[in-house]
Amino acid sequence: MQLLSVRWAGTSATAPFGDQAPMYDLEATADPTYFSGRCADVVLGSTRRVVGRLGVIHPDVLRNFELTMPCSALELDLEVFL
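The letter at position 60 of the sequence shown is residue 92 when you use the working numbering, and the numbering goes up by one with no holes.
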């Protein structure tokens with residue numbers, strides 16, 4: 033997100049007056065692809081538009097894809113930033 037000049041909404045840094053740079057935040061969500069309680073949506077600014085999701089992959093999904101090690105995933109809709 034830093035490369036896209038999108039700041040985290042929870043940052044303690046104060047924005048300069050009139051700064052209109054977009055900000056993002058993470059909100060807990062439920063998705064069967066991810067381990068329960070280990071999933072979040074990436075939401076953009078005051079519009080609260082969901083632009084991505086991240087989390088720890090559920091063990092059933094790992095088995096279905098024959099993955100032997102725990103893993104996490106992040107997906108972002110970069111088209112929003114173009």
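Note that the Cβ used here is the ideal one computed from N, Cα and C, for glycine as well.
These numbers were taken from a predicted model, which means no experiment stands behind them.
In the DSSP assignment, Leu-94 falls within the alpha helix (DSSP H) that extends over 91-96. For Leu-99, there is no enclosing beta strand (DSSP E), as DSSP marks it with neither H nor E. Excluding residues up to 5 positions away in sequence, Thr-65 lie with their Cβ nearer than 7 angstroms to the Cβ of Val-93 in the same chain.
Secondary structure at Leu-108: strand, using DSSP grouped into helix, strand and coil.
In terms of Cβ geometry, Arg-85 and Asp-57 do not form a close pair [threshold 9 angstroms]. Per DSSP, Val-74 is one residue of the beta strand (DSSP E) stretching across 66-76.
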